[in-house]
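Chemist: Starting off with a structure, shown below.
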Amino acid sequence: MKIIAYSTFLCILLTSCQDSEHQTRRQNLKGEYIYRKKNEIFFTPSPPLSKPPLHYPWQRSLITKNFFRCRGNDLNPIVVKKRDGREPIYFRDCPGGERHGLPLHDGEEFVYPCLIDLLNYIQEKSGHKVYITTGHRCPEHNSYCDHSPSNWGSKHMLGAEVDFYVVGMERDPENVISLVQQFYTETPPYQGDKAFEEFSRFHRQGLNVSTPPWHNKEIFIKLYRKDEGRDFDNQHPYPYIGIQVRYDRDQKKQVVFEQGQTQNFLRN
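Counting from 1 along the sequence shown, just add 4 to a position and that's the residue number in the working numbering.
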């Protein structure tokens, strides 16, 4: 009985303390009414401005030669090319850029620097990410992607060609090509040299694009519409741009396809 009585007393005491604290708070509250007319405005805030989202550090990273590594994967299914009256040809993909390197130049992995400079310029000026669909292709992956005769001499195998589109500008590749041309008018040592600044159009029958390509002394630009150039590395729904290197400014010579150079890379 004593325990029950003590417990009851303790509960009453605690409850009364809480009520007392609540009443004290209410008594100490102070406030005043704010009187304002319905349409009365004391200050007009400036209209809100949209702010582009901040990028993470890895999203701001520059494009390097590592972005050009071969995209082969030996888990990809075998491609069979059927031939009338003859045995079919089977194409197997390579293990990819983690199992072999980029083309070698003076003993080091190499991609033509003008391609890297161009893509970084586009990324900086547009404020959008450049997505490389195809950089270097080893001969095995090149045949797997596109085994048509027109692709046998692809400069992808030399590190002298790149396919890409710009995220956020997928439907506007002409503006991206304008940025490529602008690069040569704004960037030393090309600036002021008409052989690099001025672009011509290439008109010839039998091309695999409907838009006449552009070219200057150093590069050759192709615009692939959304129904053109759909090889294995370009199975996306967007137009894309292909750039080939025509002239090596450092070596002062034309860049031509040589079969022997295509095997010049390290294997793991």
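In this text, a Cβ means the ideal position worked out from N, Cα and C, and glycines have one as well. Source: prediction; values computed, not measured.
Is the stretch 68–83 close to the stretch 91–111, with three or more CB pairs under 8 Å?
Modeler: The stretch 68–83 is in contact with the stretch 91–111.
Chemist: Measuring straight from C-alpha to C-alpha, what distance separates GLU165 and SER54?
Modeler: Their backbone Cα atoms lie some 38 Å apart in a straight line.
Chemist: With a Cβ-Cβ cutoff of 8 Å, do HIS104 and PHE206 count as a contact?
Modeler: Cβ atoms of HIS104 and PHE206: not closer than 8 Å.
Chemist: Label GLU112 either buried or exposed according to how many other C-beta atoms from any shown protein chain fall within 10 Å of its C-beta, with 16 as the threshold for buried.
Modeler: Burial call: exposed.
Chemist: Find out if the Cβ-Cβ distance for the pair VAL213, LEU119 is shorter than 8 Å.
Modeler: In this structure, LEU119 does not lie closer than 8 Å to VAL213 by Cβ.
Chemist: In three-state DSSP terms, what is GLU36?
Modeler: Three-state DSSP puts GLU36 in coil, outside helix and strand.
Chemist: Would you call the stretch 218–227 and the stretch 188–206 touching, i.e. three or more CB-CB distances under 8 Å?
Modeler: These segments touch.
Chemist: Does the distance from the CB of PHE72 to the CB of VAL134 come in under 8 Å?
Modeler: Contact: no.
Chemist: Would VAL170 and HIS132 qualify as a contact pair, given that the criterion is a beta-carbon distance under 8 Å?
Modeler: It is a contact, given that the beta carbons lie within the stated cut-off.
Chemist: Exposed or buried, which one is TYR39 when buried takes at least 16 other CB atoms within 10 Å?
Modeler: Classification of TYR39: exposed, given that the 10 Å Cβ count is below 16.
Chemist: State the Cα-Cα distance for the pair GLY246 and ILE45, rounded to the nearest angstrom.
Modeler: If I take the Cα positions, the gap works out to 58 Å.
Chemist: If we count the other Cβ atoms within 10 Å of its Cβ and call it buried at 16 or more, is VAL260 buried or exposed?
Modeler: The residue is exposed, with fewer than 16 neighbouring Cβ atoms inside 10 Å.
Chemist: According to the neighbour-count rule (16 or more other Cβ atoms, all chains shown, within 10 Å of its Cβ), is HIS140 buried or exposed?
Modeler: Counting Cβ neighbours within 10 Å, HIS140 comes out buried, since at least 16 surround it.
Chemist: Taking 8 Å as the limit between beta carbons, can you name the residues of its chain near LEU122, skipping five residues before and five after?
Modeler: Taken in chain order, the residues that qualify are VAL184, PHE187, ILE223, ILE247.
Chemist: Span of the beta strand (DSSP E) holding HIS104?
Modeler: 104–109 is the span of the beta strand (DSSP E), which, as asked, contains HIS104.
Chemist: Among PRO52, ASP167, CYS74, LYS129, whose alpha-carbon lies nearest the alpha-carbon of LEU106?
Modeler: It is CYS74.
Chemist: Give a yes or no on whether the C-beta atoms belonging to CYS149 and ASP78 are separated by under 8 Å.
Modeler: Not a contact, by the Cβ cut-off of 8 Å.
Chemist: Using a Cβ-Cβ cut-off of 7 Å (strictly less than) and excluding sequence neighbours within five positions of ASN179, which residues of its own chain qualify?
Modeler: Contacts found: MET173.
Chemist: Among LYS226, LYS69, GLN258, THR191, which has the Cα closest to the Cα of PRO117?
Modeler: Looking at the Cα atoms, LYS69 is the closest of the given residues.
Chemist: Does DSSP put LYS41 in a helix, in a strand, or in coil?
Modeler: Note: LYS41 maps to coil in three-state DSSP.
Chemist: Going by the CB atoms, is the gap between TYR251 and PHE168 shorter than 8 Å?
Modeler: No. Outside cutoff.
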